[in-house]
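Before any comments, here is the structure.
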Amino acid sequence: EVEVHPDWAPNGAARFKELLEADFYTGTSFFRVVKNFIVQFGIHPRPDISARWTNRTIPDDPVLKSNDRGLVSFASSGLRSRNTQLFVNLNRNVKLDGMGFAPFGVVVGDGMTVVDRIFAGYGEAPQQARILAEGAMYLEQNFPKLSYVRRVRI
């Protein structure tokens, strides 16, 4: 469960809500797990759906909250590049604050117990470009032990 704080990052919070309402995250894989750093997800298993969101970026939010353990932020590759990919901080990652990663939510309850059990054996091996192009087929054939988002709700 993620508690969203629009006051921390209004653009990120609004996009997250939009993606939840579109049921975007159901079936997405936790494709990048860097021990003691982050768990990343948010590429749809169907390439046609991912493609619809690729260029629908959101404005950057100022970093008002530090990337502490359990906080959720949008991943990005530079200025104004946030679209669908998210990460959960597994540790206190202060260095991400200076890189512009603005948390918009926090994993609550026993959620971090679940996050800590996400399969980490592949590390950063799954290639994002191939997930975007080939979707679930690429992941299922090459990374059968990945963990997935089973369902989402608001």
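Under the UniProt record's numbering, read the sequence shown as residues 1 to 154, first letter to last.
For glycine and all other residues, C-beta sits at the position ideal for the given N, C-alpha and C.
It should be emphasised that the depicted structure is a prediction, and the values quoted were computed from it without experimental measurement.
Inter-residue Cα distance where the pair is residue i and residue j
i	j	result
Arg56	Ile49	12 Å
Val107	Ala13	14 Å
Val88	Leu79	20 Å
Met112	Lys35	14 Å
Leu90	Gly70	6 Å
Tyr122	Asn142	10 Å
Ala125	Pro47	19 Å
N- and C-terminal bounds of the alpha helix (DSSP H) containing residue i
i	result
Val114	Gly111 to Asp116
Phe16	Pro10 to Glu21
Gln128	Gln128 to Glu134
C-beta atoms of residue i and residue j nearer than 9 Å
i	j	result
Val39	Gly105	no
Leu20	Arg153	yes
Phe101	Ser76	yes
Pro59	Asn93	no
Trp53	Phe30	no
Phe16	Leu96	no
Leu132	Ala51	yes
Top-ranked residue by Cα proximity to residue i, from the options
i	options	result
Ala9	Pro103, Gln141, Ser147 and Ala136	Pro103
Phe37	Asp68, Leu132 and Asp7	Asp68
Leu146	Asp61, Val152, Val115 and Ile154	Val115
Gln44	Pro59, Thr28 and Val33	In the sequence as displayed, the identity of residue 44 is His instead of Gln. Ranking Pro59, Thr28 and Val33 by Cα distance to His44 puts Thr28 first.
Tyr5	Glu134, Leu64 and Gly123	According to the sequence displayed, residue 5 carries His and not Tyr. Considering only alpha carbons, the answer is Leu64.
Tyr148	Arg52, Thr54, Val33 and Asn11	Val33
Gln127	Ser73, Leu139 and Thr26	Leu139
Three-way DSSP call (helix, strand, coil) for residue i in this model
i	result
Glu3	strand
Arg82	strand
Residue interval of the beta strand (DSSP E) (run including residue i)
i	result
Gly73	According to the sequence displayed, residue 73 carries Ser and not Gly. It spans Leu71 to Phe74 - the beta strand (DSSP E) in which Ser73 sits, taken as one unbroken run.
Chain C within 9 Å of residue i, Cβ atoms only
i	result
Phe119	Looking at the structure shown, chain C is missing, and only one protein chain is on hand.
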